[in-house]
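Comments concern the structure below.
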């Protein structure tokens, strides 16, 4: 496996003896403390021996350009090549750890992410973790990342869960390489990088899923690297992950930090000359660097003098400001005393007003209680009356349903009777037709009777005439007896004929009388039927009038019910108005109480809240969780206490701050209740 590294001139590679002398001079000048000095000496002694080996073996990995022939690459085996790579990476790790510890101790402060030895340390560590990684094939393509084995630490060691969650929550990281680099940064800040890697090495059966058998992390060199990383617990690092592009960084090792000049194993014959020349070049470069550093120091001294003059001017201005601020503070104290006196007076006035309002409220409450009791009694009576009315309504509804049923039955009867009336009318028309016929017949019979009576009268006249003629004949009998006998015979004959005619007339009269009696009987029966029908009609008319009167009574009852409902609504309105008055009185009382609480809070605010310092709080005041790198401290701008982000995620506008500021949950609820009460 070949990796791209930066190629530097071989003249810059120093000798091991020079490096030892430089280390001794630095240790004498720095005057470290006892434990740090012992750690640095041990690291320098252990790493100085492997420094030359790393420089000699650097061409094998490609750290220094060296021409390779096809014959040599064919002869070297893969196993030997892997061993050489592990040895080279191991030596480079030792060098990077040594120089990082020396530079950090010489600075004597916390390291930033821009510190070059720290950056080179992370590059070398990344190469060590990438050595022997297995390539995983996915749908997108091949994936080769060292973040996979680092994710196992969260399962094996629960203390690393904070690092994993914080890395996953960073929105700037989009690749697995960037997440792995962020994980290494956070682990170094926690000073637990060696512990986490030791946990991984203890479970090599899990690492076998990610690394080849001859990888650096699977061999003994991994344990050595973990031992080297223990020395980094001396260093304090403060690395900011926001704003850094960890995904696109190129892992190139800069050997100018480690290499000054090397001697090739092939040039042993000209060793003395090359050593002198190398030392000369090294001294010239040192002089150049020293001149540059002197110029930089002079520039810094000039800048410091300028800044010192500026700071003196700012000190004078600050003293003037302090004097003016002290005067303003005295004025503010006087104003605070005046405000306190005014607030005490306003509190006394408000207390007297609240007492008067309480007395008036008690009096009005007594009157309202009496009114409420009277209204309650009236309500009970109205409820009883309403229940009775509802019962009557139910009875009336039942009666109404029965009446409707009766009306339906009556309608059916009336329809049937109308049908019978139609039939009777038809019969009456038929009877009328028969009566007309009988009347015409009776008129004809009367005409015939008149004719017969006229004939009888004529016959009587004739008989009278005959009697007169008989008298004349009797008078003439004397004159003619023969004529008399003949006339008598004629008269007897005529009498017989007249008697026969009279009998026939009498028979006809008897027949006509019988017919008239039958017709009179029929007329009587028809008159009786008419009378019965008229009686039924009168009865039906009486029933309809009764139903109309009952309907009118129902309408009157409905009107009375509406009146009662209107009265009930009016009483309910009166009750609601009284309840609203009671609620308004309660609101006035609650507002007066809130005013008292506001005045108390104003007095508390005038006295001032205590602003907790960051060193005084180690746990959140609300959830009592311990603060860490992922769980930061936040001040509540209202009460001044320190909370975590989850317990102080709310923002509100306060009188002392024009814009919305951070407020804890308890202050947020109290301020919202106060705002809602003031608005109501």
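Residue numbers (full-length UniProt numbering): 1 to 680. The beta-carbon is built from N, C-alpha and C at its ideal position, and this holds for glycine as well. Since the structure is predicted, the reported quantities are computational estimates derived from the model, not experimental observations.
Asked, Found
"Per DSSP, what kind of secondary structure is residue 631 in: helix, strand or coil?", "coil"
"Nearest CA to the CA of residue 669: which residue from 658, 650, 657?", "650"
"So the candidates are 495, 620, 549, 150; which of them puts its Cα closest to the Cα of residue 403?", "549"
"Nearest to residue 674 by alpha carbon, out of 628, 592, 87, 659?", "592"
"As an exercise, report each continuous alpha helix (DSSP H) stretch of at least 4 residues that is fully enclosed by the region 371-414, in chain order.", "none"
"Could you check where the beta strand (DSSP E) with residue 662 kicks off and where it finishes?", "660-663"
"Specify the secondary structure class of residue 127 as computed by DSSP and reduced to three states.", "helix"
"To the nearest angstrom, report how far apart residue 661 and residue 647 are at their CA atoms.", "14 Å"
"According to DSSP, simplified to helix, strand and coil, what is residue 211?", "strand"
"Please classify residue 385 as buried or exposed, where buried requires at least 16 neighbouring CB atoms within 10 angstroms.", "exposed"
"Along the alpha helix (DSSP H) that carries residue 220, what are the first and last residues, could you check?", "220-230"
"Less than 6 Å between C-beta atoms, sequence neighbours within five positions excluded: which residues of the same chain meet that for residue 684?", "Because the chain here runs from 1 to 680, residue 684 falls outside it and cannot be looked at."
"Counting only the same chain and skipping the five closest in sequence on each side, list residues whose C-beta sits under 6 Å from that of residue 179.", "147, 167, 173"
"Since residue 188 is in the alpha helix (DSSP H), which residue starts that stretch and which ends it?", "176-189"
"Helix, strand or coil, according to DSSP, for residue 31 in the structure here?", "Confidence is the limiting factor: at residue 31 the pLDDT is only 47, short of 50, which leaves the residue's position unreliable, though a coordinate-based value still follows. Correct three-state label for residue 31: coil."
"By the DSSP assignment, the alpha helix (DSSP H) with residue 91 in it spans what residues?", "78-107"
"If we count the other Cβ atoms within 10 Å of its Cβ and call it buried at 16 or more, is residue 535 buried or exposed?", "exposed"
"Could you tell me the distance, in whole angstroms, from the CA atom of residue 574 to the CA atom of residue 368?", "12 Å"
"Check residue 642 in the structure and name its three-state DSSP category.", "strand"
"If I measure Cβ to Cβ from residue 677 and keep anything under 8 Å in the same chain, skipping five residues before and after, which residues do I get?", "590, 591, 594"
"Which residue or residues does DSSP assign as beta-bridge partners of residue 194?", "BP columns for residue 194 are empty, so no partner."
"On the criterion of 16 or more Cβ atoms from any shown chain inside 10 Å, does residue 225 qualify as buried, or is it exposed?", "buried"
"Let me make sure I understand the geometry here. Which of 560, 238, 176, 348 has the alpha-carbon closest to that of residue 247?", "176"
"Within 10 Å of its beta-carbon, does residue 86 have 16 or more other beta-carbons around it, so buried, or fewer, so exposed?", "buried"
"In terms of DSSP beta bridges, what is residue 111 paired with?", "237"
"Quick one: Cα of residue 135 to Cα of residue 284, how far?", "48 Å"
"What does a CB cutoff of less than 6 Å around residue 56 pick up in its chain, not counting 5 residues either side in sequence?", "Because residue 56 carries a pLDDT of 44, less than 50, the predicted location of this residue cannot be relied on, and the following value inherits that uncertainty. Excluding positions up to five away in sequence, the list is empty."
"Rounded to whole angstroms, what is the Cα-Cα separation between residue 465 and residue 444?", "30 Å"
"Between 110, 379, 89, which has its C-alpha nearest residue 124's C-alpha?", "89"
"Flag this pair as yes or no: are the beta carbons of residue 207 and residue 217 separated by less than 8 Å?", "yes"
"Please state whether DSSP places residue 445 in a helix, a strand or coil.", "helix"
"Look up residue 689 in the DSSP assignment and say whether it is helix, strand or coil.", "The structure shown does not extend to residue 689, since the chain is modelled only from 1 to 680, so the question has no answer here."
"Per the DSSP calculation, residue 557 is bridged to which residue(s)?", "The partner list for residue 557 (beta bridge, DSSP) is empty, contrary to what the question assumes."
"Given 8 Å as the limit, is there contact between the region 387-403 and the region 552-563, that is, 3 or more CB pairs closer than that?", "yes"
"Please name the residue, chosen from 637, 641, 506, that lies closest to residue 618 on a Cα-to-Cα basis.", "641"
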